[in-house]
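Peer 1: Residue 463, in full-length UniProt numbering, is where the sequence shown stops; the numbers in between run on with no holes. Cβ atoms here follow ideal geometry from the backbone N, Cα and C, with glycine treated the same way. Structure in structure tokens, see below.
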Amino acid sequence: MTGMAPRDATMFWLSRRTANDVFLLYCFAETPTPTEELRAAVAERVALIPDLCRRLRETAHDLDYPHWIPAEFIPQQFIAHRPDGLPWPTLLDRLGELLGTGVDATERPWRLHVFRGVRDAPMSTGPSLVAVVQISHALADGTRAAALTRSLFIHRVPDAPVDNSVKHRVDPVKTPVSPVDYWGQLCGWMDPSVLGVLRFPQQLVATFRRGLAAGRAHRELAERTAVGEVPAPTTGFTPGALNTMRPVAALDHQVRMLVVPADMLRCPHVTVTVLALTAISRALTTYLTEHGRAPDRLGAALPMAVPASSDAHNNYRSLSIDLHIEEPDLRARAELIADELRTRRERALNPLLAVQDRVGDTVPALFAVRDVARADLDTPPQAIDGNTVVSSVNRGAADLTFAGAPVLFTGGFPALGTVMHLTHGIHGLGETITFSVHSDKAAVPDPDRYLALLAEAVDAVRG
């Protein structure tokens, strides 16, 4: 039994209120291997990946945080979708239906969806096999989920950098075979709820002390910001047409994907992330203007991986990036976005923010679960971190295979939320880069038009 980090538990509790699973798509060439043999191969590989051989167990009355316990792979985690031979647009419709679902981490925290014989997939000259890994956010953030999936399909260690991370590459996950809980061997025989009661006073004291330290860090950060030693935070963005306060219905998720050669977004002294943000800024401005909702200002919330400070599986901070749509020249706009990204990263990695984050690591579970349950998801905020989410990760070399079939490209779909109705995934694999567009039908009624504008914008930023 392994204790769960508070930030991971928060993701689990949030999944009760909104769909927040992580979805990763990998398109392979089709293989002659029968589906049952594919399932057996997955079961054999999963047995070697400890993080994929566990499930969550809640503690009675939430007296302590949930725990991870061993759980063998079961056949139901491999879902072979029928019929075979779907055309690519129909596959995307099926994928949209999946994005409104969620796994139950107390049963199994992940599953693999397999679509066989897919016709007319990008970058393919024949039938394709599409594998979609669905993972509870409690088990992994986007970067860790990519590492777990790489462990599932890898046959050698990758060597490609992660574009928007302070880490240097997405490697196969290494998890101790026999993790030791915070309370050591006591957890092997003592009930978790009893542990929670025993731990409660210590957690209160630690939270109080860390709260005092966080207050001092907050004041020091404000002072350093005032004298210019630390970049000032971004001014929040006004909720726009894509940020109406309403939940997304389970069947209102839709997906479009644009797969391009990596060379289209490789430019000296400019990262893929910056060029992708520039292209999105152009496409989104044009799309909203065409629909009579021209924006004055647009921003993107960009998740950035940060060094793990605990045993948490979610280690990232959201950067608020101004897309500078007031600048008409795309080259100049890209420079502004690059500068914005540098300053946001500098502030996000300031140790004083980490001091403030540490408070949440000691809050008793009773208080944490109550806060998640009472979080207001219905009142429109006056300002938000971005009008859309853009998650950008290089998933490494194209050295993945499924039953010997080579991988062609990958994609990912950041979750929608009550205030976020359009998200983008930018994912590199080998010599391909994929723009994955996840939207709410009500917010983006013409996703094909938006994808066409995005393709035009990618061409434009190249020039």
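For R293, which of helix, strand or coil comes out of DSSP?
Peer 2: Correct three-state label for R293: coil.
Peer 1: For the alpha helix (DSSP H) holding A375, just list the boundary residues, first then last.
Peer 2: Here A375 belongs to no alpha helix (DSSP H), and DSSP marks it neither H nor E.
Peer 1: Nearest CA to the CA of H253: which residue from M420, R317, L14 and L63?
Peer 2: Ranking the options by Cα distance to H253, first place goes to M420.
Peer 1: Compute the Euclidean distance between the alpha carbons of E30 and A71, then round it to the nearest angstrom.
Peer 2: Roughly 30 Å separates the two Cα atoms.
Peer 1: Tell me the rounded alpha-carbon separation between P66 and F367.
Peer 2: Going from the Cα of P66 to the Cα of F367 covers about 14 Å.
Peer 1: Touching or not, the segment 264–281 and the segment 134–150, by the rule of three or more beta carbon pairs under 8 Å?
Peer 2: Taking 8 Å as the limit for Cβ pairs, the verdict is that the segment 134–150 does not touch the segment 264–281.
Peer 1: Over what stretch of residues does the alpha helix (DSSP H) that includes F12 continue unbroken?
Peer 2: Where F12 is concerned, the enclosing alpha helix (DSSP H) stretches over P6 to L14.
Peer 1: In chain order, which continuous runs of the alpha helix (DSSP H) of length 4 or greater are located wholly inside the segment 249–308?
Peer 2: Correct list: 272–290.
Peer 1: Of the choices L52, T285, D311 and P381, whose alpha-carbon is the least far from that of L323?
Peer 2: Closest option to L323, Cα to Cα, is T285.
Peer 1: So, helix, strand or coil for G412, using DSSP?
Peer 2: Reduced to three states, the DSSP call for G412 is strand.
Peer 1: Can you have a look at H61 and say buried or exposed, based on whether 16 or more other CB atoms are within 10 angstroms of its CB?
Peer 2: Flag for H61 reads exposed.
Peer 1: With distances taken from CA atoms, which of Y26, T278 and G430 is nearest D329?
Peer 2: Minimum Cα distance to D329 is reached at T278.
Peer 1: Expressed to the nearest angstrom, what Euclidean distance is found between the alpha-carbon atoms of G386 and Y316?
Peer 2: So the two alpha carbons sit approximately 16 Å from each other.
Peer 1: Where do the ends of the alpha helix (DSSP H) carrying F153 lie?
Peer 2: F153 -> alpha helix (DSSP H) spans G142 to F153.
Peer 1: So the beta strand (DSSP E) A131 belongs to, where does it begin and stop?
Peer 2: Where A131 is concerned, the enclosing beta strand (DSSP E) stretches over S128 to I135.
Peer 1: With a Cβ-Cβ cutoff of 8 Å, do V114 and P127 count as a contact?
Peer 2: No, the Cβ-Cβ distance between V114 and P127 is not below 8 Å.
Peer 1: P362 lies in the beta strand (DSSP E); which residues open and close that run?
Peer 2: Note on identity: in this sequence residue 362 is Thr, with Pro being the wrong assignment. Unbroken run through T362: none, as it is neither H nor E.
Peer 1: Which residues bound the alpha helix (DSSP H) around I337?
Peer 2: Counting along the chain, the alpha helix (DSSP H) containing I337 begins and ends at L330 to A348.
Peer 1: Compute the distance between the beta-carbons of A241 and L212, then report whether it is under 8 Å.
Peer 2: No. Outside cutoff.
Peer 1: Output yes or no for whether 8 Å exceeds the beta carbon distance between I154 and L400.
Peer 2: Yes, the pair counts as a contact, with Cβ atoms nearer than the cut-off.
Peer 1: Identify whether T225 lies in helix, strand or coil by the three-state DSSP scheme.
Peer 2: Note: T225 maps to helix in three-state DSSP.
Peer 1: Tell me S436's beta-bridge partners as DSSP assigns them.
Peer 2: The partner list for S436 (beta bridge, DSSP) reads M257 and G425.
Peer 1: For the segment 420–437 against the segment 43–58, do three or more pairs of beta-carbon atoms, one drawn from each stretch, fall closer than 8 Å, so that the two count as touching?
Peer 2: In short, these stretches do not touch, since the Cβ pair count stays below three.
Peer 1: Please go through the same chain and pick out, in chain order, the residues whose beta-carbon is closer than 6 Å to the beta-carbon of Y26, but skip the five residues on each side of it.
Peer 2: Contacts found: A131, V407 and T410.
Peer 1: Three-state secondary structure (DSSP) at T2?
Peer 2: Three-state result, T2: strand.
Peer 1: Is the number of C-beta pairs between the segment 386–398 and the segment 342–358 that are closer than 8 Å three or more?
Peer 2: No: the two stretches stay apart, fewer than three of their Cβ pairs being nearer than 8 Å.
Peer 1: Hey, would you say V22 sits closer than 8 Å to L112, going by beta carbons?
Peer 2: No; because the gap between Cβ atoms is not below 8 Å, this pair is not in contact.
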